[in-house]
Amino acid sequence: DVKVTQSSRYLVKRTGEKVFLECVQDMDHENMFWYRQDPGLGLRLIYFSYDVKMKEKGDIPEGYSVSREKKERFSLILESASTNQTSMYLCASSPHEGYTFGSGTRLTVV
Amino acid sequence: GENVEQHPSTLSVQEGDSAVIKCTYSDSASNYFPWYKQELGKGPQLIIDIRSNVGEKKDQRIAVTLNKTAKHFSLHITETQPEDSAVYFCAGGSYIPTFGRGTSLIVHP
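As given, the protein sequences belong to chains A and B, one line each in that order.
According to this note's numbering, the stretch in the first sequence is residues 1405 to 1514, in order.
According to this note's numbering, the stretch in the second sequence is residues 335 to 443, in order.
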């Protein structure tokens, strides 16, 4: 089974902190994605990457950046955390169609 | 871009009943339509998908139908069980899918 592992299930950070969310996949997938999930809003795409060192903005990239230095790892960075970034963050990987998601990181910014 | 709408937002059924969740999409070029199930505390899991050259696909108690002319697709779950209780998401698009807002399915024993 493909596994997508997110490093933390729960995180609490202070406003203004720089936050790193890590994601690792073990099936050599080219494509990796970061979504945030909020009640009533579904899944919204933040950033995605289709190759090492490549990145593309999704629908809501403001306040976020990403890094993909190795094929298996895709990091989401909150440059200066704000309370409106409190959310569930989901990482996914895909060979082409169909995603495998991680279990999510619930981030609370206080 | 693609716009995917999903209904209903909440669906409550008795164990053994059928459940149907419907999605519409806007982009006629969309060719791949997956469905994901998200259980409490877990990430979404792909349960079934359909491509635009197929009208229906079944996998045991679940099935998906696609009407390309009307631009809608549906998830059908028969003989529902309590473990079917979850949030279900549809998605549509080509390379990068657009997700619906989800349907919370509650199956009462």
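We put the beta carbon where it would ideally sit given N, CA and C, even for glycine.
**Study point:** Nearest-angstrom Cα separation, counted from Val398(B) out to Tyr370(B)
**Key:** Indexing the second sequence from 1 puts residue 370(B) at position 36. Indexing the second sequence from 1 puts residue 398(B) at position 64. So the alpha carbons of these two residues sit roughly 12 Å apart.
Point to revise | Nearest-angstrom Cβ-Cβ length linking Glu373(B) and Ala420(B), presumed shorter than 8 Å | key: On the second sequence, position 39 is the one that residue 373(B) refers to. On the second sequence, position 86 is the one that residue 420(B) refers to. Indeed they touch by this definition, with Cβ atoms about 5 Å apart.
Check your understanding: Could you give the C-beta distance for Phe423(B) and Leu1447(A), rounded to a whole number, given that I count them as a contact under 8 Å?
Key -> Indexing the second sequence from 1 puts residue 423(B) at position 89. Indexing the first sequence from 1 puts residue 1447(A) at position 43. At roughly 7 Å, the Cβ-Cβ gap stays under 8 Å, so Phe423(B) and Leu1447(A) are in contact.
**Study point:** Residues sharing a beta bridge with Tyr1493(A), DSSP
**Key:** Working through the first sequence from its first residue, we reach residue 1493(A) at position 89. Arg1440(A), Thr1509(A).
Practice item. Using 10 angstroms around the beta-carbon of Pro443(B), count the other beta-carbons present and answer buried if the total reaches 16, otherwise exposed. Key: By one-based count along the second sequence, residue 443(B) stands at place 109. Classification for Pro443(B): exposed.
Exercise for review: Run down chain A in chain order and give the residues with a C-beta less than 7 Å from the C-beta of Lys376(B).
Suggested key: Counting from 1 along the second sequence, the entry for residue 376(B) is found at position 42. Under the 7 Å cutoff, chain A gives Ser1507.
Practice item. Could you have a look at Glu417(B) and say whether DSSP puts it in helix, strand or coil? Key: The sequence position of residue 417(B) within the second sequence is 83, counting from 1. DSSP places Glu417(B) in helix when its eight states are reduced to three.
**Study point:** beta strand (DSSP E) segment containing Asn401(B), residue limits
**Key:** Residue mapping note: residue 401(B) aligns to position 67 of the second sequence, counting from 1. Run containing Asn401(B): 396–401, per the beta strand (DSSP E) assignment.
Check your understanding: Taking only runs of the beta strand (DSSP E) that begin and end inside the segment 1428–1492 of chain A, which ones reach a length of at least 3 residues, in chain order?
Key -> 1435–1442, 1446–1453, 1468–1474, 1477–1482
Review point. Under three-state DSSP, which class holds Thr1419(A)?
Key: In the first sequence, the residue the question calls residue 1419(A) occupies position 15. Here Thr1419(A) sits in coil by DSSP.
Exercise for review: In angstroms with no decimal places, state the Cα-to-Cα distance between Met1436(A) and Gly1506(A).
Suggested key: The sequence position of residue 1436(A) within the first sequence is 32, counting from 1. The sequence position of residue 1506(A) within the first sequence is 102, counting from 1. Their Cα atoms are separated by approximately 11 Å.
Point to revise | Helix, strand or coil at Thr345(B) according to DSSP, with G and I counted as helix | key: One-based indexing of the second sequence puts residue 345(B) at position 11. At residue 345(B) the sequence reads Leu, which differs from the Thr that was named. Strand.
Check your understanding: Grouping DSSP H, G and I as helix and E and B as strand, with all else coil, what is Pro1499(A)?
Key -> Sequence index remark: in the first sequence, residue 1499(A) carries index 95 (1-based). Coil.
Point to revise | Touching by the beta-carbon criterion (3+ pairs, under 8 Å), the segment 400–412 of chain B and the segment 1480–1500 of chain A | key: no
Review point. Would you say Ser1469(A) and Phe1478(A) are within 9 Å of each other, going by their C-beta atoms?
Key: Residue numbering aside, residue 1469(A) sits at position 65 when the first sequence is read from its first letter. Residue numbering aside, residue 1478(A) sits at position 74 when the first sequence is read from its first letter. Contact: no.
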